[in-house]
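The structure under discussion appears below in the form of structure tokens.
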Amino acid sequence: QELGGSTIYGASASFGWQPHGRGTNFSVLYFISYGGTVRYPDLNGLSHSLSMSASRQLTRKWSFSLTGAAQDSTMAEFMYQPSALSVLSQLPASFDDLAAAFSIGQFSNTQMASMLTGASMLESPTRGLLLGNRVLSYSASAGLNYAHSSRLSFHFASFSAGGQNRRGGQNGIPQEKYVLPRSLGMNAGMGLSYSLSPRTQVGFNVEEGRVVNGYQNAYSTNSTVSVGRKMGMHWFLRVRGGGSITQMTQNTYSTPASRQVIGGSSIGFQTYTQTLVASYDRTSADAYGFAVGTNTTATGSWSWRRPGSRWSIFASGGQNQIRNAGFASISGWEASGGISGSLDAHTTLSAQYVYFNSQGSYVGNLNNMAVHSVRLSLGWNPQTAQPGRR
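Okay, here's the thing in structure tokens:
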């Protein structure tokens, strides 16, 4: 059913703390917002998110990191959440640090590593069809790294994430059809990274995963090899590939393929005024446990800002597909763009447009959700605002 347009109003605030100690880095950020809809007041609601990251250099060779994130948000607020690549493209990172965020080379310092490898948030544009209008998502990861030498390092990591529907009042709008009350994904593994040269790095990873949702319960074993290289002074490329073996212990509908090819690639380009990053991933299971099948994600982000300028321009887009899962076949994509700037030392102004589209079939339902949205934001920071940064 076509809902038509409506005016949305609201306010938000964020609070952060980022102390830096010798060998230890810690950051925490809390975000709260309220959004009201003139035409559909039953969609009014608060959105919250909390993220944290911590890292410590245990010894000269051993280091430890821990991240966590939780988000309780409506679809209206979720659409404006920047993707991980969008954040990377807008941070004031050097080319070497940007490449290090994609496992090519080393970070210049621990503070920059903490900024570029923060806690991950749910980004899938298919989440509206799977979990509904209001969703609670959460994730946590821990990692241990051992630098055997300046060229060889080993890492051990674990990650878990989940999402669930948070149903609200629905008077006056069509009944939403969500397919997953909740889902959970977990994995743990180890790998190594070796620098063939200052510009070329190879890696190997193996991990064991678990997916639990209302229709599937499965274990998976994944292994990949990767090669990354700084191709010049301004751009880098990384490719990875491997295989996945899945064992289903519970499956309501048809069984997905037990063996799949997995992999992906990443590319980055940076000049004096512009940053462009893009990536593609093919996996056998979604990190949040949405589905075991063929999961593909393609994302990209671009930003422009002249050093010293008050204004910046940014754009991003992404597509997520779930295929061969048995109970669902869904495709979703999102595109956004905008301009942001500083009016004075404490006040910022930004304008942004977002297009959001998810469509597919699941457990006998056919659904399509498309949204156009424009938002104008005025912000105030008690400390001096960084020119051209959101």
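Our numbering numbers the first residue of the sequence shown as 979 and each following residue consecutively.
No residue lacks a Cβ here, since even glycine has one placed at the ideal position from N, Cα and C.
Exercise for the section: Grab me the residues of N1372's own chain with a C-beta within less than 6 Å of its C-beta, minus the 5 sequence neighbours each way, in chain order. Expected result: Because the chain is modelled from 979 through 1368, residue 1372 falls outside the range shown and cannot be assessed.
Practice task
On the DSSP bridge assignment, give the partners of H1026 in chain order.
Solution key: I1010, D1050
Practice task
Could you tell me the distance, in whole angstroms, from the CA atom of G1140 to the CA atom of Q1084?
Solution key: 31 Å
Exercise for the section: Check the DSSP bridge columns for Q1142 and list the partner residues they point to. Expected result: L1114, R1160
Exercise for the section: Whole angstroms is fine: what's the gap from Y1012's alpha carbon to A1054's? Expected result: 10 Å
Problem - Check whether S1328 and G1315 have beta carbons under 9 Å apart - result: no
Exercise for the section: Using 10 angstroms around the beta-carbon of G1206, count the other beta-carbons present and answer buried if the total reaches 16, otherwise exposed. Expected result: buried
Practice task
Give, in chain order, every unbroken run of the beta strand (DSSP E) that is at least 3 residues long and sits entirely within the stretch 1204-1283.
Solution key: 1213-1229, 1237-1248, 1252-1263, 1270-1282
Handout entry: Environment of P1234 [buried if 16+ CB atoms lie within 10 Å]
Key = buried
Exercise for the section: Return the residue from the list S1320, S1339, Y1331 that minimises the CA-CA distance to G1304. Expected result: S1339
Exercise for the section: Consult DSSP for Q1299 and reduce its assignment to one of helix, strand or coil. Expected result: strand
Exercise for the section: Return the bridge partner residues of G1316 from the DSSP annotation. Expected result: F1292, Q1330
Problem - Given F1182 as reference, the closest of Y1116, R1188, T1253, M1168 once Cα atoms are compared - result: M1168
Practice task
Would you be able to state if there are at least three C-beta pairs under 8 Å between the stretch 982-1001 and the stretch 1059-1069?
Solution key: no
Exercise for the section: Determine the DSSP secondary structure at Q1068, reduced to helix, strand or coil. Expected result: helix
Problem - Paired residues, beta bridge with I986 - DSSP - result: T1015
Exercise for the section: Can you check DSSP and say which residues form a bridge with T1199? Expected result: E1186, I1223
Handout entry: Nearest-angstrom Cα separation, counted from S1128 out to R1334
Key = Note that residue 1334 corresponds to Phe in the displayed sequence, not to Arg. Whole-angstrom Cα-Cα distance: 44 Å.
Problem - Pairwise C-alpha distance: S990 and L1356 - result: 10 Å
Exercise for the section: Hey, could you find the ends of the beta strand (DSSP E) A1348 is sitting in? Expected result: 1343-1358
Handout entry: Nearest candidate by alpha-carbon position, reference L1158, set T1095, M1164, R1144
Key = R1144
Handout entry: Segment limits, alpha helix (DSSP H) that includes A1078
Key = 1073-1078
Practice task
Could you tell me the distance, in whole angstroms, from the CA atom of G1246 to the CA atom of A1077?
Solution key: 7 Å
Handout entry: Any 3 or more C-beta pairs closer than 8 Å across the stretch 1067-1076 and the stretch 1028-1043
Key = no
Exercise for the section: For S1081, I'd like the list of residues in its chain whose CB is within less than 8 Å of its CB, leaving aside the five on either flank, ordered along the chain. Expected result: S1171, Q1179, G1181, S1204, G1206, R1216
Handout entry: Residues near A1313 by beta carbon distance below 7 Å, same chain, minus five either side
Key = G1295, Y1333
Problem - Same chain only: Cβ atoms within 6 Å of Y1193, ignoring 5 sequence neighbours per side - result: T1230, F1305
Practice task
Report the three-state DSSP secondary structure of R1034 (helix, strand or coil).
Solution key: strand
Practice task
Whole angstroms is fine: what's the gap from N1302's alpha carbon to F1137's?
Solution key: 24 Å
Exercise for the section: Can you say whether N1200 is buried or exposed, counting buried as having 16 or more other CB atoms within 10 angstroms of its CB? Expected result: buried
Practice task
Tell me, please, which residues DSSP counts as bridged to F1004.
Solution key: A1032
Exercise for the section: Report the residue from S1281, G1242, G982 whose alpha carbon sits nearest the alpha carbon of Y1250. Expected result: S1281
Practice task
Could you say if the stretch 1284-1294 and the stretch 1257-1264 meet the contact criterion of at least three C-beta pairs nearer than 8 Å?
Solution key: no
Practice task
Give me the Cβ distance between W1358 and H1324, rounded to the nearest whole Å; I'm assuming they're in contact under 8 Å.
Solution key: 6 Å
Exercise for the section: Using the DSSP secondary-structure output, state which residues sit across from L1122 in a beta bridge. Expected result: F1042, F1134
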